[in-house]
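Chemist: To convert a position in the sequence shown, counted from 1, into my numbering, add 221. Quick reminder that beta carbons are idealized off the backbone N, C-alpha and C, glycines included. My structure is below; once you've seen it, I'll send some questions.
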Amino acid sequence: MRAPFPTFRPSAPGRDRLKGLLLGTGAVALAGALIAASPLAAKAEVSDTQEIGTAEGLPITLSGSYLSGRLAGKSRDIANAAAFFQEALDTDPGNAFLLDRTFVLHVANGDIDRALDLAERLTADQPDHFLARIALAADAIHMQDFDRAVKLLDRGTRGPLAELTGRLIRAWALAAQGKTDEALESIAALDGPDWFNVFTTHHAGLIQELAGRSDAALDNFNAAFATDPGALRVVEALARARARAGDKAGALKVIDGYGKIIPGHPVMQQLRARIEEGGEIAPMVDAHDRGAAEVLYGLGAALGRDGGEELSAAYLQLAIHLDPKADIALIALANLFQRIDDQARSIELLGRVDEKSPLKRDAEIQIGLNYNSLDNLAQARAHLEKLVESDPSDLEAVTALGNVLRAHQLFEEAGQAYSQGIQTIDADPGEQNWTLYYYRGICYERMKDWGKAEADFRKGLELSPDQPLVLNYLGYSLVDRGLKLDEALDMIRKAVELRPQDGYIVDSLGWAYYRLGRHEEAVVELEKAVQLRPEDPIINDHLGDAYWKVGRRLEARFQWNHARDLGPEEEELTKILDKIANGLSETTTENGAITPPEKKNGG
Numbered sequence: 222m223r224a225p226f227p228t229f230r231p232s233a234p235g236r237d238r239l240k241g242l243l244l245g246t247g248a249v250a251l252a253g254a255l256i257a258a259s260p261l262a263a264k265a266e267v268s269d270t271q272e273i274g275t276a277e278g279l280p281i282t283l284s285g286s287y288l289s290g291r292l293a294g295k296s297r298d299i300a301n302a303a304a305f306f307q308e309a310l311d312t313d314p315g316n317a318f319l320l321d322r323t324f325v326l327h328v329a330n331g332d333i334d335r336a337l338d339l340a341e342r343l344t345a346d347q348p349d350h351f352l353a354r355i356a357l358a359a360d361a362i363h364m365q366d367f368d369r370a371v372k373l374l375d376r377g378t379r380g381p382l383a384e385l386t387g388r389l390i391r392a393w394a395l396a397a398q399g400k401t402d403e404a405l406e407s408i409a410a411l412d413g414p415d416w417f418n419v420f421t422t423h424h425a426g427l428i429q430e431l432a433g434r435s436d437a438a439l440d441n442f443n444a445a446f447a448t449d450p451g452a453l454r455v456v457e458a459l460a461r462a463r464a465r466a467g468d469k470a471g472a473l474k475v476i477d478g479y480g481k482i483i484p485g486h487p488v489m490q491q492l493r494a495r496i497e498e499g500g501e502i503a504p505m506v507d508a509h510d511r512g513a514a515e516v517l518y519g520l521g522a523a524l525g526r527d528g529g530e531e532l533s534a535a536y537l538q539l540a541i542h543l544d545p546k547a548d549i550a551l552i553a554l555a556n557l558f559q560r561i562d563d564q565a566r567s568i569e570l571l572g573r574v575d576e577k578s579p580l581k582r583d584a585e586i587q588i589g590l591n592y593n594s595l596d597n598l599a600q601a602r603a604h605l606e607k608l609v610e611s612d613p614s615d616l617e618a619v620t621a622l623g624n625v626l627r628a629h630q631l632f633e634e635a636g637q638a639y640s641q642g643i644q645t646i647d648a649d650p651g652e653q654n655w656t657l658y659y660y661r662g663i664c665y666e667r668m669k670d671w672g673k674a675e676a677d678f679r680k681g682l683e684l685s686p687d688q689p690l691v692l693n694y695l696g697y698s699l700v701d702r703g704l705k706l707d708e709a710l711d712m713i714r715k716a717v718e719l720r721p722q723d724g725y726i727v728d729s730l731g732w733a734y735y736r737l738g739r740h741e742e743a744v745v746e747l748e749k750a751v752q753l754r755p756e757d758p759i760i761n762d763h764l765g766d767a768y769w770k771v772g773r774r775l776e777a778r779f780q781w782n783h784a785r786d787l788g789p790e791e792e793e794l795t796k797i798l799d800k801i802a803n804g805l806s807e808t809t810t811e812n813g814a815i816t817p818p819e820k821k822n823g824g
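Rendered as structure tokens:
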């Protein structure tokens with residue numbers, strides 16, 4: 222039978238937690254504004270992409286290296302782009318454009334020593350180059366030369382992002398010299414768009430806290446929280462400050478509020494436990510160089526979306542240069558490389574997260590998922606199995622292992638993985654555990670053990686009654702088997718009500734009508750599904766089948782031809798080609814519906 226959802230590719234399993242470690246709703250909305258505000262944004266324009274090799278072995282010519290570097294940049298291959306532009310710069314060392322691009326790429330790639338050499342050359346010729354001065358200032362702070370950092374950033378900058386970055390880092394350098402008032406005045410003088418506020422109040426609070434001005438710090442942390450209550454670092458700073466001020470209830474209140482956004486975040490869980498046991502609560506930032514790193518991390522994390530990956534990587538690399546053990550920056554940079562499909566770099570960065578970090582286990586789970594994205598099932602499986610073996614109650618690890626195995630259609634092994642987690646919570650499962658029963662139910666259904674599958678699906682709905690994924694899968698499966706048809710259709714209709722813009726779920730309703738011989742109703746729903754998911758070959762194929770059954774033969778063949786051109790899997794393509802040539806087979810099931818294509822892996 223047909224899957225209620227598209228095929229689950231081997232690279233599909235993923236996690237949301239590492240994607241949202243710091244950014245709240247407000248900070249995410251800043252990303253586009255930050256990118257647009259960057260004077261480097263226009264310089265990132267590159268030519269059409271094509272597949273290229275590494276720099277090794279290629280003829281070193283200016284035009285060849287330059288074009289190869291542009292192509293690597295377009296494909297977001299930062300390492301090769303940096304190497305090719307370095308070759309081009311070596312050929313033409315006086316070229317200002319090549320100097321600029323090579324510097325930026327080296328920073329983004331983490332080649333800090335080489336980037337700093339280029340930054341010295343850049344600032345000699347282009348004293349207003351904001352990223353070069355920020356890189357040099359960050360290195361000066363790293364070397365504890367705070368006076369040099371201040372002088373590098375005394376010069377005015379152009380653009381809101383440059384102004385905000387430079388002024389905040391300069392404030393941290395001033396604070397490191399004991400000039401707290403001057404640092405705070407520098408931040409207060411910042412005049413920019415509304416999205417400045419969360420950064421300025423947050424960093425003013427951090428500087429005040431480090432200077433022992435606890436009451437003023439708490440006021441600023443409260444102001445930052447009012448601007449973006451969903452930002453991890455903002456919440457953590459406020460919770461710590463309240464706890465340090467003796468307001469234990471207030472600290473736990475903001476932690477609980479964050480838990481409604483991202484339940485069970487390990488940083489919040491660790492902080493909560495520390496507060497509840499009455500342990501000493503340290504400031505979130507305990508050194509001035511780490512404060513400067515916090516500036517670069519916070520802005521870099523917000524930049525890393527919608528085309529801002531290169532500048533985001535540069536900021537995050539400089540943050541790590543200032544604070545090599547900054548787990549939050551390492552994970553943010555790992556996520557960035559994961560998004561641009563450099564899984565190996567992501568794995569390397571995640572491996573550097575400190576063993577004592579509350580984020581270490583999340584990082585290790587993501588390493589396993591990254592191995593899977595590299596199509597290295599054996600390594601992914603071994604890595605995740607080791608994590609589950611060490612703690613079967615870690616449901617994140619259990620889910621990751623099960624999802625990887627299920628993606629590769631190893632349904633029995635995947636079901637066993639989910640069962641390990643379920644055994645740890647089976648006496649008292651919570652609403653959030655519905656996914657484990659849902660995923661295991663899919664495995665049972667694919668193994669043709671319908672009794673166990675239905676029990677798990679219904680358990681998932683018992684825990685969380687309005688889950689459209691479960692309603693859709695269970696409802697469709699019942700229709701496909703000719704069981705409890707009224708209830709089944711109600712389930713699918715409810716799933717559509719909950720997710721009216723989900724083309725796959727709307728397709729399920731249309732295909733259920735088709736299976737029941739209600740072809741006119743099927744056409745209506747399948748036309749909606751195609752509008753929602755015009756790129757999906759199977760949905761287009763379904764609409765073709767429905768058109769055929771209502772006598773719209775020309776339109777049916779048009780849909781099948783369109784489905785063919787959308788690149789279906791080989792098994793489906795063979796069936797589509799047969800329908801184009803011969804029309805739809807009239808082989809029927811007992812309820813009079815056409816037997817649908819064999820079901821693929823659901824979920």
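Here's the rule: buried if 16 or more other CB atoms are within 10 angstroms of the residue's CB, otherwise exposed. What is threonine 620?
Modeler: Under this definition threonine 620 is a buried residue.
Chemist: Alpha helix (DSSP H) containing alanine 444: first to last residue?
Modeler: Looking at the DSSP string, the run of the alpha helix (DSSP H) that includes alanine 444 is 435-448.
Chemist: According to DSSP, is glutamine 365 part of a helix, a strand, or is it coil?
Modeler: If DSSP states are grouped into helix, strand and coil, glutamine 365 belongs with coil.
Chemist: Give the DSSP-derived three-state secondary structure of aspartate 544 in the structure shown.
Modeler: Of the three classes helix, strand and coil, the one that applies to aspartate 544 here is coil, per DSSP.
Chemist: Do leucine 570 and leucine 590 have their C-beta atoms closer together than 7 Å?
Modeler: No, these two residues do not count as a Cβ contact at 7 Å.
Chemist: Which one of Pro545, Lys546 and Phe558 has the shortest CA to CA distance from serine 533?
Modeler: The residue with the shortest Cα to Cα distance from serine 533 is Phe558.
Chemist: For glutamine 398, which residues of its own chain have a beta-carbon under 6 Å away from its beta-carbon, when the five flanking residues on both sides are left out?
Modeler: Correct list, in chain order: Phe367.
Chemist: Going by C-alpha distance, which of Asp575, Ile588 and Glu576 is nearest asparagine 556?
Modeler: Measuring from the Cα of asparagine 556, the nearest candidate turns out to be Ile588.
Chemist: Which residue marks the beginning of the alpha helix (DSSP H) containing glutamate 515, and which one marks its end?
Modeler: Run containing glutamate 515: 509-524, per the alpha helix (DSSP H) assignment.
Chemist: Helix, strand or coil for glutamine 347 per DSSP?
Modeler: Reduced to three states, the DSSP call for glutamine 347 is coil.
Chemist: Is the distance from the Cβ of alanine 358 to the Cβ of leucine 374 below 7 Å?
Modeler: It is a contact, given that the beta carbons lie within the stated cut-off.
Chemist: If the criterion is Cβ atoms closer than 7 Å, does the pair lysine 546 and aspartate 575 meet it?
Modeler: Cβ atoms of lysine 546 and aspartate 575: closer than 7 Å.
Chemist: Closer than 8 Å by C-beta to aspartate 332: which residues in its own chain qualify, once you throw out the five before and the five after it? Chain order, please.
Modeler: Contacts found: Ala303.
Chemist: If you count every other CB in all the chains shown that lies within 10 Å of the CB of serine 578, and 16 or more means buried, which is it?
Modeler: Classification of serine 578: buried, given that the 10 Å Cβ count is 16 or more.
Chemist: Return the CA-CA distance between asparagine 301 and alanine 293, expressed in angstroms with no decimal places.
Modeler: Going from the Cα of asparagine 301 to the Cα of alanine 293 covers about 6 Å.
Chemist: By Cβ distance, which residues of its chain are closer than 6 Å to glycine 642, with the 5 residues on each side in sequence left out?
Modeler: Answer for glycine 642: Leu616, Val619 and Leu657, listed in chain order.
Chemist: So lysine 673 and tyrosine 665 are in contact, right, with Cβ under 8 Å, and what is the actual spacing, rounded?
Modeler: Rounded, the Cβ-Cβ distance is 4 Å, consistent with contact.
Chemist: Answer yes if the stretch 515-523 comes into contact with the stretch 491-498, meaning at least three C-beta pairs across the two stretches below 8 Å, and no otherwise.
Modeler: These segments do not touch.
Chemist: Any idea if methionine 489 is buried or exposed, counting beta-carbon neighbours within 10 angstroms, 16 or more meaning buried?
Modeler: Buried, because 16 or more other Cβ atoms sit within 10 Å of the Cβ of methionine 489.
Chemist: So which of Ala628, Pro613 and Leu605 has the shortest CA-CA distance to leucine 622?
Modeler: Measuring from the Cα of leucine 622, the nearest candidate turns out to be Leu605.
Chemist: Run the CB neighbour count on lysine 770, radius 10 Å, all protein chains shown included, and call it buried at 16 or more, exposed below.
Modeler: With 16 or more other Cβ atoms within 10 Å, it is buried.
Chemist: In the DSSP assignment, the alpha helix (DSSP H) including proline 381 goes from what residue to what residue?
Modeler: 381-397 is the extent of the alpha helix (DSSP H) around proline 381.
Chemist: May I have the straight-line CA-CA distance separating aspartate 649 from glycine 521, to the nearest angstrom?
Modeler: Going from the Cα of aspartate 649 to the Cα of glycine 521 covers about 41 Å.
Chemist: Between isoleucine 502 and the rest of its own chain, which residues show a CB-CB distance below 7 Å, the 5 nearest in sequence each way excluded?
Modeler: Arg461, Ala464, Arg465, Arg495 and Ile496, listed in sequence order.
Chemist: For leucine 730 and phenylalanine 420, what's the separation of their Cα atoms in angstroms?
Modeler: Leucine 730 and phenylalanine 420: Cα-Cα distance of roughly 47 Å.
Chemist: Given that a residue counts as buried once 16 or more other Cβ atoms are within 10 Å of its Cβ, and exposed if not, what is leucine 745?
Modeler: In the sequence under discussion, the amino acid at residue 745 is valine, which differs from the leucine named in the question. By the 10 Å Cβ count, valine 745 comes out exposed.
Chemist: Just how far apart, CA to CA, sit histidine 363 and phenylalanine 351?
Modeler: Rounded to whole angstroms, histidine 363 to phenylalanine 351 spans 18 Å at the Cα level.
Chemist: Give the secondary structure of tryptophan 416 by DSSP, where H, G and I count as helix, E and B as strand, and everything else as coil.
Modeler: Tryptophan 416: coil per DSSP, three-state reduction.
Chemist: Could you compute how far the alpha carbon of leucine 551 sits from the alpha carbon of alanine 472?
Modeler: Leucine 551 and alanine 472: Cα-Cα distance of roughly 27 Å.
Chemist: To the nearest angstrom, how far is it from the Cα of asparagine 330 to the Cα of proline 450?
Modeler: Cα-Cα distance, rounded: 32 Å.
Chemist: Using beta-carbon positions only, say whether proline 484 and leucine 580 come within less than 7 Å of one another.
Modeler: No, the Cβ-Cβ distance between proline 484 and leucine 580 is not below 7 Å.
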